[in-house]
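Everything on this sheet refers to the single structure shown next.
Below you can see the structure in the form of structure tokens.
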């Protein structure tokens, strides 16, 4: 089939996925492709060994991949190592076998664990070194997850104030019956919350008076390690991780491509700020919406999704694209106005004259490539 990826990635943004309840994706399939087997197995063995060293528990990622059994919460460290191994392997395959130099991309960002991989693969740190930080904290994070649940807060109407969400979380936490915190801002009307005990239920009850009537909260059935929330401070994870980060040897700065941090909502990784940004990554919410805006505003025309079975970032862009289509395909004056703005936003020289948020209207034109799918479809014949 014709390849949608050339060697010029000037208009491509790299999106690295993070932890999910499923983390194998098509890694086993890639492992069984003869041209890919050596590189994929090398990375699975490498990060399995590092996981074993840090956790002092056996970790055979190669066997785990062959059996195609997802590591559960009790194997959270294995899941971390598996994601890192899969993403590093995919990028090695892209570079070494397909001749695509991913560091020439316009922008990189990652959700949760994906941000750590993004800054490493952009040259900031050695992946083998930085991965030891989340691995060292994995047991405590998984233990905290057993008493925590996730709530998806969303509105079918207008935006929900981030300030109001944070204030309500603080009010409930102050009651002294568990901590609840904002974990992610997916869009102005969609947030992820993680809370201990019955704090998410209490948030759901209290929001009737504190948030717009159109706001709804759905409780996720899975258990999630409460990274990016204040909950992890209960095991001193922020401080322990910060001590490890202080001892990391830096790589090459500025990162290439530039890395947009979801912890700060900025392009602010440099040799002196990188450790501070990563410290914020530990217990600050993930600002995915800011990364979506930056991707569209920087002029990228394609997003390359890296990792096994990427879903959250892809789904966020898809929802935005669908919303833009609905707004521009109507017959009202506002629809015609938005359609005209969308046309302007798709022309770089005109887009520079528009407000930054007008770039969101380009969402339907943005192309998306899932790297593991591309690698399978374009595997070299031997």
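Numbering (the working numbering), first residue to last: 39 to 420.
Virtual Cβ for every residue (Gly too), placed ideally from N, Cα, C.
Which one or two residues does DSSP pair with residue i in a beta bridge?
i	result
residue 5	For residue 5 there is no data in the structure shown, the boundaries of the chain being 39 and 420.
residue 257	189
residue 147	53, 298
residue 304	299
residue 324	222
Can you name the start and end residues of the alpha helix (DSSP H) that residue i belongs to?
i	result
residue 170	170 to 183
residue 186	Looking at the DSSP string, residue 186 is not in any alpha helix (DSSP H); the run it does join, the beta strand (DSSP E), is 186 to 193.
residue 240	237 to 248
residue 362	350 to 366
residue 319	312 to 321
residue 88	72 to 93
residue 67	65 to 69
residue 103	99 to 105
residue 278	275 to 284
Since I believe residue j is in contact with residue i (beta carbons under 8 Å), could you give me their beta-carbon distance rounded to a whole number of angstroms?
i	j	result
residue 53	residue 147	6 Å
residue 297	residue 398	Wrong, their Cβ atoms sit about 22 Å apart, outside the cutoff.
residue 409	residue 343	6 Å
residue 64	residue 346	7 Å
residue 323	residue 210	With a Cβ gap of about 16 Å, residue 323 and residue 210 do not count as contacting.
residue 317	residue 303	Residue 317 to residue 303, Cβ: 15 Å. No contact.
residue 51	residue 144	6 Å
residue 88	residue 119	7 Å
residue 334	residue 404	7 Å
residue 195	residue 252	3 Å
residue 413	residue 47	Not really, about 15 Å apart at Cβ, beyond 8 Å.
For the beta strand (DSSP E) holding residue i, just list the boundary residues, first then last.
i	result
residue 234	228 to 234
residue 407	405 to 408
residue 54	50 to 54
residue 222	218 to 225
residue 340	340 to 344
residue 131	Where residue 131 is concerned, there is no enclosing beta strand (DSSP E), although the alpha helix (DSSP H) it sits in stretches over 114 to 134.
Would you call residue i buried or exposed, if buried means 16 or more other Cβ atoms sit within 10 Å of its Cβ?
i	result
residue 242	buried
residue 263	buried
residue 113	buried
residue 132	buried
residue 134	exposed
residue 424	As shown, the chain starts at 39 and ends at 420. That puts residue 424 outside it, with no answer to give.
residue 260	exposed
residue 247	exposed
residue 56	buried
residue 184	exposed
residue 2	Residue 2 cannot be examined here, being either before or after the span of the chain that is shown, 39 to 420.
residue 106	exposed
residue 360	exposed
residue 257	exposed
residue 109	buried
residue 70	exposed
residue 321	buried
residue 137	exposed
residue 287	exposed
residue 353	exposed
residue 45	exposed
**Message:** For the stretch 273 to 292 against the stretch 214 to 223, do three or more pairs of beta-carbon atoms, one drawn from each stretch, fall closer than 8 Å, so that the two count as touching?
**Reply:** When Cβ pairs closer than 8 Å are counted between the two stretches, the stretch 273 to 292 is seen not to touch the stretch 214 to 223, the count staying below three.
**Asked** Any contact of the stretch 162 to 174 with the stretch 61 to 80, i.e. 3+ C-beta pairs under 8 Å?
**Response** Contact between the stretch 162 to 174 and the stretch 61 to 80 is absent, because fewer than three Cβ pairs lie under 8 Å.
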